[in-house]
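Numbering (the numbering used here), first residue to last: 110 to 561.
Heads up, the thing below is written out as structure tokens.
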Amino acid sequence: MKKLFIPILFQAALAVGMAQIDQKALLVIDRVNVIPMTGEVILENQRVVIQGNEIIELGPSDSEMSNKGATLIDGRGKYLMPGFSEMHYHWRNREGGIQRDFNLMLAHGITTARNMGEYDWQDQITIRDQVRSGDLFGPNYYTTGPYLKAENLADSRTISETVRNHLNRGYDFIKLADNLPQEQFLALIDEAGKAGIPVIGHGQREMPLKFSVKMRSIEHVEEFVYIYSDKERVDPLFLQASLRQIAQSGVTIAPTLVVFKDILRYLDDPVFKNLPRVPEAKYMLAGDYDYWVSEDNPYRKDLKGKNIKGREALPVLREYFEWMMEYTRLLHKEGVPLMTGSDTFGFTVPGISLHREFELLNKAGMSPYQILKASTVIPARYLGREKLEGTVEIGKQANLVLLEDNPLEDIRNSRKISGVILRGRWIDRSHINRMLEEVQKLGPFASGTQSH
Ligand SMILES: [Zn+2]
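Take a look at the structure:
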């Protein structure tokens, strides 16, 4: 079989045609433990046969191999499961190119990404199309339109135009990132509903909860800190009723705990001083890194030494975070579907940040299986892709990750990636290492960069 070609940074054009699916190629992972995600089970000693982009066989490894000419992966002692989903991705920095972020995500087992906003310097539809056509080597990609503010949705005419524009351009979602007056909010939900495009985004902080849950999904559990009053947030009866209301609405929530945790890292001096030593630092762009470790760090600038509601910012934000962790646990307990996403920004570095989110969800009280479900089965269902994605079963698409150790025993094992299968193509550990080395060449600790 032809060796898999991984495009390196700034050379995405070289990958044209290379990432297209070879419909006849056979890939066999033999004697592997399969975590199918159809339930909390492990199928031991399995043979998984993939043709093109589809799982065509799954069963015990005891028979003779009949798949001559297949690429064979020895799965002994390893764990095969569906690839992870980064459900709150942003391409923040034009400088590195999007292939850099894709390399980081793929290297960390992410085979699905939902982009959460189109900035004016980017064309997210073209990116999504290029991933689909094989011109870009990246995770299966979904995107919202631009960040919408109240002024973009001021009256029924602009609301109709916005919805029509989303339909014409082909965005998967409408991203709302502002408080709207009630009438406009309801008009948007109505128009978008008729057009068949889900409205997703931040909570409606100025209105009661029943409005926010009309969206298809709510981003950031942090939003509930602002939707509720301080009194409501500590009122068990109110919270119980709110949880029931959320569960009954059918809304899905992406907690994105890690991006808020990182605000605490920026504000807490000893932790901030240690940031150069965190493992994700080396995967940042050198210029970004210099900015985020300096006093120009936007959160330090905005919040350091400032007050929130008459109290020092850091302890207030710490309290918020503790509340968010507890509320995530309660949402999960109530049966609200949660999805894994990290809101990639600053030290919330694509790829690695999703594993940090996993660990925070674990700390909040979700079991490894529940977390993995929030990264596979639930996003597949949310995206309307459950017939093709989210589990390891015959007929499903081959977007998978092979792990060295059992992630159901310890969620941190999701970081121990032996290889990734993207649309049926095997990316082995040495390829992954090369992708990461390419990223590090643009990083703060690369030899020859200014900062070190
Ligand atoms: Zn975001």
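By construction, the Cβ of each residue, glycine as well, lies at the ideal position given by its N, Cα and C atoms.
All figures in this text were calculated on a predicted structure; none of them were measured in a lab.
Beta-carbon proximity of residue i to residue j, cut-off 8 Å
{"i": "residue 410", "j": "residue 554", "result": "no"}
{"i": "residue 308", "j": "residue 324", "result": "yes"}
{"i": "residue 218", "j": "residue 510", "result": "yes"}
{"i": "residue 449", "j": "residue 473", "result": "no"}
{"i": "residue 328", "j": "residue 225", "result": "yes"}
{"i": "residue 237", "j": "residue 252", "result": "yes"}
{"i": "residue 365", "j": "residue 201", "result": "no"}
{"i": "residue 146", "j": "residue 499", "result": "yes"}
{"i": "residue 304", "j": "residue 276", "result": "yes"}
{"i": "residue 170", "j": "residue 140", "result": "yes"}
{"i": "residue 517", "j": "residue 149", "result": "yes"}
{"i": "residue 318", "j": "residue 439", "result": "no"}
{"i": "residue 142", "j": "residue 188", "result": "yes"}
{"i": "residue 179", "j": "residue 136", "result": "yes"}
{"i": "residue 394", "j": "residue 181", "result": "no"}
{"i": "residue 402", "j": "residue 384", "result": "yes"}
Same chain, Cβ closer than 6 Å to residue i, five either side skipped, listed in chain order
{"i": "residue 543", "result": "none"}
{"i": "residue 356", "result": "443, 444 and 445"}
{"i": "residue 293", "result": "262"}
{"i": "residue 514", "result": "522 and 525"}
{"i": "residue 398", "result": "553"}
{"i": "residue 406", "result": "375"}
{"i": "residue 250", "result": "222, 237 and 240"}
{"i": "residue 301", "result": "272, 283 and 308"}
Collapsed DSSP secondary structure at residue i in the structure displayed
{"i": "residue 197", "result": "strand"}
{"i": "residue 342", "result": "helix"}
{"i": "residue 337", "result": "coil"}
{"i": "residue 401", "result": "helix"}
{"i": "residue 253", "result": "strand"}
{"i": "residue 507", "result": "coil"}
{"i": "residue 284", "result": "strand"}
{"i": "residue 302", "result": "helix"}
{"i": "residue 242", "result": "helix"}
{"i": "residue 310", "result": "strand"}
{"i": "residue 432", "result": "helix"}
{"i": "residue 157", "result": "strand"}
{"i": "residue 495", "result": "coil"}
{"i": "residue 325", "result": "coil"}
{"i": "residue 454", "result": "strand"}
{"i": "residue 236", "result": "helix"}
{"i": "residue 367", "result": "helix"}
{"i": "residue 142", "result": "strand"}
{"i": "residue 348", "result": "helix"}
{"i": "residue 560", "result": "With a pLDDT of 47 at residue 560, under the threshold of 50, the predicted position of this residue should be treated as unreliable, and no value is reported."}
{"i": "residue 222", "result": "strand"}
Close beta carbons around residue i, own chain, < 7 Å, minus the five adjacent residues each side
{"i": "residue 425", "result": "417 and 418"}
{"i": "residue 196", "result": "223, 363, 448, 449, 450 and 488"}
{"i": "residue 367", "result": "451, 457, 462, 465, 466 and 469"}
{"i": "residue 113", "result": "Only weak support exists for where residue 113 lies, its pLDDT of 38 falling under 50; the value from the coordinates is given anyway. Result list for residue 113: 534, 535, 536 and 540, in chain order."}
{"i": "residue 412", "result": "376 and 422"}
Contacts around residue i, its chain only, beta-carbon distance under 8 Å, and the 5 residues preceding and following it disregarded
{"i": "residue 545", "result": "212, 213, 216 and 392"}
{"i": "residue 313", "result": "288, 289, 294, 320, 321 and 336"}
{"i": "residue 490", "result": "446 and 499"}
{"i": "residue 229", "result": "255"}
**Message:** With a threshold of 8 Å, are at least 3 pairs of Cβ atoms found where one atom belongs to the stretch 207-215 and the other to the stretch 445-462?
**Reply:** The stretch 207-215 makes contact with the stretch 445-462, as at least three CB pairs between them are under 8 Å.
**Request:** State whether the stretch 422-440 contacts the stretch 161-173, with contact taken as three or more CB pairs (one from each stretch) at a distance under 8 Å.
**Result:** Between the stretch 422-440 and the stretch 161-173, the count of Cβ pairs shorter than 8 Å is below three; the stretches do not touch.
**Request:** Any chance you could list the residues with Cβ under 5 Å from a heavy atom of ligand 1, keeping chain order?
**Result:** Working through the chain, the matches are 225 and 452.
**Asked** So does the stretch 282-290 actually touch the stretch 244-259, counting three or more Cβ pairs closer than 8 Å?
**Response** Three or more Cβ pairs closer than 8 Å define a contact, and the stretch 282-290 meets that threshold against the stretch 244-259.
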